[in-house]
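So the structure is just underneath, and the comments pick up after that.
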Amino acid sequence: MELSLKLHVHVKITISGMLAASVIVSGNNYGKFKLLCQALGLSLISESTFLRFQKHCAAPVVEEVWRDMNNVVKEVFKAYEDICLCGDGRTYSPGHSVRYCVYTLMEHFTSVVIYFEVIDKQETGGNSTTMEKEALDC
28 MELSLKLHVH VKITISGMLA ASVIVSGNNY GKFKLLCQAL GLSLISESTF
78 LRFQKHCAAP VVEEVWRDMN NVVKEVFKAY EDICLCGDGR TYSPGHSVRY
128 CVYTLMEHFT SVVIYFEVID KQETGGNSTT MEKEALDC
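Numbering (my numbering), first residue to last: 28 to 165.
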């Protein structure tokens, strides 16, 4: 394989990966990624490749960065004598009924998120009314 062809393939894979990562980090999904690529006239990776990339490449990096940043935040707040925590749960429904609850806990004065949890309704025995309570049970 010629060097220029190898470079072209490497650049194409890198750009596809960066686009897929930006879609994942922004909270979007493959459907929206597909629409974006079609609108820009870009060639498209398959949905299975996108999902594999999400599971094996993007998600582990996001989780690692979150853990590292969260540890720093916790260390900073240990120096505070008093903190004021505020929490809220937000439910999401892909159809007509609630499926997920995202609970966020933040420090009021700095607006720094110190905890969040995503709960699937299945984790509460199918009871959507207890999802927020379950998510806060940290």
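All residues carry an ideal CB built from backbone N, CA and C; glycine is no exception. Values in this document were obtained by computation on a predicted structure and should not be read as measured data.
*Three-state secondary structure assigned by DSSP to T157*: The three-state secondary structure of T157, taken from DSSP, is helix.
*Check the C-beta distance from I146 over to Y119 and give it rounded, since I have them as a contact under 8 Å.*
Contact flag wrong, Cβ pair sits at about 11 Å.
*Going by the beta-carbon positions, is the gap between I61 and L46 smaller than 8 Å?*
Per the sequence shown, the amino acid found at residue 61 is Lys instead of Ile. In this structure, L46 does not lie closer than 8 Å to K61 by Cβ.
*Determine the DSSP secondary structure at E150, reduced to helix, strand or coil.*
Looking at E150 - three-state DSSP - the assignment turns out to be helix.
_Among the candidates E74, P121, R117, whose CA atom is the shortest distance from the CA of E144?_
R117
*What does a CB cutoff of less than 7 Å around C111 pick up in its chain, not counting 5 residues either side in sequence?*
E134, H135, F136
*Going by other Cβ atoms of all chains shown within 10 Å of its Cβ, with 16 needed for buried, is Y130 buried or exposed?*
buried
*CA-to-CA distance, M158 to D115, given in whole angstroms*: Near 12 Å, if we compare the C-alpha coordinates of M158 and D115.
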